[in-house]
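J.: Residue numbering for the sequence shown is 10 to 422, as defined by the numbering used here. No residue lacks a Cβ here, since even glycine has one placed at the ideal position from N, Cα and C. Have a look at this one.
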Amino acid sequence: MSKKELYSLGEMPPLGEVPPKMHAFTVRQDRFGEPSKSWQREVINTPELGAKDVLVYVMATGINYNNVWAGLGYPIDVIADRQKKGEPEDFHAGGSDASGIVWAVGSEVNDVKIGEEVVVHSGWWEPEDPWVLSGKDPMLAPSVRIWGYQTNYGSYCQFARAQSHQIKKKPKHLSWEEAGCYMLCASTAYRQLMGWSPNIVEPGDAVLVWGAAGGLGAMALQIVSALGGKPIAVISSEDKRQFCLDKGAVGVINRNDFTHWGPMPNTTSPDYKAWMSGVRAFGKAIWEALGERKNPKIVFEHPGEATLPTSGFVCDTGGMIVICAGTTGYNITLDLRYHWMMQKRLQGSHLANDEQSEAVNELVLAGKVDPCLSETYSFDEIGHAHQLMHENKHPYGNMACLVNATEKGQGKS
Ligand SMILES: NC(=O)c1ccc[n+]([C@@H]2O[C@H](COP(=O)([O-])OP(=O)(O)OC[C@H]3O[C@@H](n4cnc5c(N)ncnc54)[C@H](OP(=O)(O)O)[C@@H]3O)[C@@H](O)[C@H]2O)c1
């Protein structure tokens, strides 16, 4: 039994003592909308653990785009979605990236110990899912969910509930906020770049990276570079150029030098020719950035509607456009003639499995991938950080908010 009903943030209970109540940032259905309003601080019950669950005393949390969507209640209402699956809570206590200390473990957990300093990867699936038990990729399992988006009690909670397989080693050289900000984007980027054999990054390969100074992009630049590839960065403002070069880009393209964005015009319309000349000029800019006339073997996509027709054209013969989001819209257009004749692949990709999360964490542990922490905010600024992201006004890299950590820079050893 806990001696206290509720601890303040940063007030550490004796190791292993779990209070019945905790602080959390939540969304409720009656305030869906702008993230600065939809995300509010509350006191809620500390969750119960299942046999294979782990409770993490969260020191810092990363901020991800998925909880911008959760706050908006669009494209899915995550609360209604979970209630359909039988979960009673009428709130979403989200957060998909955490660093912290293991505080309690379920009865069947023997691979994680209380007191360990950890980070959490956000691939969640039913432990008894027959697909998972058969040894197939859990990210394709019927029960897969994104932790802290499609599950409750994520990293915007004083105590987060995760499954033991999600727990990874915290890099000792990183502060709590650096450790808490990278895993979701890094693991997603790793699966995009290394999960779809034979279209994986090999030494010398050119890889085009959209939104290269963003959370996903900054991770992609460094992963491609660590694997010996040649990342070409796309940005929208010159102040991001040096950042991309520092993270391994061999060249940088400013997308504002072009105007052909958005859906591809009908191939028989007069607009098609002008559109195609924009696309060809962009392809030439790739060669100039790369320093050779070579097309990208992999196009790392997530903007979607605005950029995908261009991605489809510039991708090399036999290459792959790999996409994990449609931030600018879902209604994509593609010139199929180039797609089939040059035998390109359009591959969807979503988060990462345990092995891919482990592999990218090894790159972080080895100092080959930096979390690219941009800015650290307080717990009470969780809504504000999502609002910045929603408006594309957030600083480049990955943002974090302190949860139980009381000051920036703590946690290095
Ligand atoms: N499926 C998954 O597992 C998964 C995992 C992580 C993230 N995501 C999704 O991936 C998307 C990006 O996430 P993130 O964390 O990288 O977000 P982010 O930090 O906001 O970066 C996205 C970048 O996209 C670029 N962008 C914005 N509008 C654009 C446009 N019209 N055309 C081209 N580029 C544009 C921006 O860079 P410039 O303005 O400099 O070009 C921005 O920095 C989000 O929708 C997120 O939900 C999906």
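Taking 7 Å as the threshold (C-beta atoms), are Y405 and A222 in contact?
T.: For the purposes of this step, residue 222 is identified with residue 213 of the sequence shown, where counting begins at 1. For the purposes of this step, residue 405 is identified with residue 396 of the sequence shown, where counting begins at 1. Contact: yes.
J.: Report the partner residues of I262 according to the DSSP bridge assignment.
T.: For the purposes of this step, residue 262 is taken as residue 253 along the sequence shown, with counting starting at 1. Beta-bridge partners of I262 (DSSP): V243.
J.: Should H101 be listed as close to ligand 1, given that the test is whether its C-beta is under 6 Å from any heavy atom?
T.: Stepping through the sequence shown from its first residue, residue 101 is reached at position 92. The answer is no for H101.
J.: Could you tell me which residues DSSP puts in a beta bridge with T385?
T.: The sequence position of residue 385 within the sequence shown is 376, counting from 1. According to DSSP, T385 bridges with A409.
J.: Between the Cα of A107 and those of N119, F100, V129, spot the shortest distance and give me the residue it belongs to.
T.: Along the sequence shown, read from residue 1 onward, the residue named residue 107 stands at position 98. Of the candidates N119, F100, V129, the residue whose Cα lies closest to the Cα of A107 is V129.
J.: So, using beta-carbon positions, are S173 and A361 closer together than 7 Å?
T.: One-based indexing of the sequence shown puts residue 173 at position 164. One-based indexing of the sequence shown puts residue 361 at position 352. A361 sits away from S173, with the two beta carbons spaced by 7 Å or more.
J.: Closest Cβ-Cβ distance between G292 and chain B: below 7 Å?
T.: No chain B is present in this structure, which holds just one protein chain.
J.: P272 to T337, Cα distance in whole Å?
T.: Along the sequence shown, read from residue 1 onward, the residue named residue 272 stands at position 263. Along the sequence shown, read from residue 1 onward, the residue named residue 337 stands at position 328. Cα to Cα, the separation comes out at about 11 Å.
J.: Measuring from the CB of L225, is there a heavy atom of ligand 1 at a distance below 6 Å?
T.: Sequence index remark: in the sequence shown, residue 225 carries index 216 (1-based). Yes, the beta carbon of L225 sits closer than 6 Å to at least one heavy atom of ligand 1.
J.: Give a yes or no on whether the C-beta atoms belonging to C194 and M228 are separated by under 7 Å.
T.: Working through the sequence shown from its first residue, we reach residue 194 at position 185. Working through the sequence shown from its first residue, we reach residue 228 at position 219. Against a cut-off of 7 Å, the Cβ pair of M228 and C194 comes out as a contact.
J.: Output the boundary residues of the beta strand (DSSP E) element that contains S108.
T.: Counting from 1 along the sequence shown, the entry for residue 108 is found at position 99. From DSSP, the beta strand (DSSP E) with S108 extends over 107 to 114.
J.: With DSSP collapsed to three states, give me the class of R354.
T.: Start at 1 with the first residue of the sequence shown, and residue 354 comes out as number 345. R354 falls in the strand class under three-state DSSP.
J.: Answer yes or no: do T316 and W185 have a C-beta to C-beta separation smaller than 7 Å?
T.: The count along the sequence shown starts at 1 and reaches residue 316 at position 307. The count along the sequence shown starts at 1 and reaches residue 185 at position 176. The answer is no: Cβ separation not under 7 Å.
J.: For ligand 1, I want to know if C190 counts as a neighbour, meaning its beta carbon is within less than 6 Å of at least one of the ligand's heavy atoms.
T.: Against the sequence shown, residue 190 aligns to sequence position 181. Within the chosen limit of 6 Å, ligand 1 does not reach the beta carbon of C190 with any heavy atom.
J.: Secondary structure at A171, three-state DSSP: helix, strand or coil?
T.: Position 162 of the sequence shown, counted from the first residue, corresponds to residue 171. In this structure, A171 counts as strand in the three-state DSSP scheme.
J.: So L64 is in the beta strand (DSSP E); what residue range does that whole segment cover?
T.: As a first step, residue 64 is located in the sequence shown; it is residue number 55 there, counting from the start. Looking at the DSSP string, the run of the beta strand (DSSP E) that includes L64 is 62 to 71.
J.: From G292 to V323, what does the alpha carbon distance come to, in whole angstroms?
T.: Here residue 292 is taken as the residue at index 283 of the sequence shown, counted from 1. Here residue 323 is taken as the residue at index 314 of the sequence shown, counted from 1. G292 and V323: Cα-Cα distance of roughly 6 Å.
J.: Answer yes or no: the CB of L360 versus the heavy atoms of ligand 1, is any distance below 6 Å?
T.: Residue mapping note: residue 360 aligns to position 351 of the sequence shown, counting from 1. True, at least one ligand heavy atom lies under 6 Å from that Cβ.
J.: Looking at the structure shown, is V27 part of a helix, part of a strand, or coil, going by DSSP?
T.: Here residue 27 is taken as the residue at index 18 of the sequence shown, counted from 1. The answer is coil: DSSP assigns V27 none of H, G, I, E or B.
J.: Shorter than 6 Å, the distance from the beta carbon of Y339 to the closest heavy atom of ligand 1, or not?
T.: Here the question's residue 339 lines up with position 330 in the sequence shown. No, the Cβ of Y339 stays beyond 6 Å of every heavy atom of ligand 1.
J.: Please name the residue, chosen from L374, F168, L202, that lies closest to L230 on a Cα-to-Cα basis.
T.: Indexing the sequence shown from 1 puts residue 230 at position 221. Measuring from the Cα of L230, the nearest candidate turns out to be L202.
J.: Thinking C-beta only, is D325 closer than 7 Å to N340?
T.: By one-based count along the sequence shown, residue 340 stands at place 331. By one-based count along the sequence shown, residue 325 stands at place 316. No. Outside cutoff.
J.: What three-state label does DSSP hand T319 in the structure shown?
T.: Mapped onto the sequence shown, residue 319 falls at position 310. Helix, per DSSP.
J.: In whole angstroms, give me the CA-to-CA distance for D389 and N161.
T.: Along the sequence shown, read from residue 1 onward, the residue named residue 389 stands at position 380. Along the sequence shown, read from residue 1 onward, the residue named residue 161 stands at position 152. Each residue's Cα considered, the two are about 19 Å apart.
J.: Beta carbon of G260, beta carbon of A298: below 7 Å?
T.: Along the sequence shown, read from residue 1 onward, the residue named residue 260 stands at position 251. Along the sequence shown, read from residue 1 onward, the residue named residue 298 stands at position 289. Their beta carbons are under 7 Å apart, which means G260 touches A298 by this criterion.
J.: Alpha carbon to alpha carbon, how far is G104 from G71? Give it in angstroms, no decimals.
T.: Position 62 of the sequence shown holds residue 71. Position 95 of the sequence shown holds residue 104. If I take the Cα positions, the gap works out to 7 Å.
J.: Consult DSSP for N370 and reduce its assignment to one of helix, strand or coil.
T.: Along the sequence shown, one-based indexing puts residue 370 at 361. N370: helix per DSSP, three-state reduction.
J.: Pick out whichever of S47, P274, K249 has its Cα sitting closest to the Cα of I262.
T.: Taking the sequence shown and counting its residues from 1, the one referred to as residue 262 is at position 253. It is K249 whose Cα lies nearest to the Cα of I262.
J.: Using three-state DSSP, classify K249 as helix, strand or coil.
T.: Taking the sequence shown and counting its residues from 1, one reaches residue 249 at position 240. Of the three classes helix, strand and coil, the one that applies to K249 here is helix, per DSSP.
J.: Among K46, E26, T55, whose alpha-carbon lies nearest the alpha-carbon of A33?
T.: Position 24 of the sequence shown, counted from the start, is the residue given in the question as residue 33. Among K46, E26, T55, the Cα nearest to that of A33 is on T55.
J.: Entirely within the stretch 271 to 355 and at least 3 residues each: give me those beta strand (DSSP E) ranges in chain order.
T.: Segments of the beta strand (DSSP E) lying fully in the stretch 271 to 355: 307 to 310, 329 to 332.
J.: At what residues does the alpha helix (DSSP H) containing A215 begin and finish?
T.: Along the sequence shown, one-based indexing puts residue 215 at 206. No alpha helix (DSSP H) holds A215; the beta strand (DSSP E) holding it covers 215 to 218.
J.: Nearest CA to the CA of G109: which residue from G42, N119, L254, E187?
T.: What you label residue 109 is simply residue 100 of the sequence shown in a count that begins at 1. When only C-alpha atoms are compared, the closest one is E187.
J.: Is it buried or exposed for W349, if we count other Cβ within 10 angstroms and need 16 for buried?
T.: By one-based count along the sequence shown, residue 349 stands at place 340. It is exposed - the Cβ of W349 has fewer than 16 other Cβ atoms within 10 Å.
J.: With distances taken Cα to Cα, identify the nearest neighbour of W133 among N119, V63, K122.
T.: By one-based count along the sequence shown, residue 133 stands at place 124. Nearest C-alpha to W133: V63.
J.: On the DSSP letters alone, give me the boundaries of the beta strand (DSSP E) that N54 sits inside.
T.: Position 45 of the sequence shown, counted from the start, is the residue given in the question as residue 54. First-last of the beta strand (DSSP E) with N54: 49 to 54.
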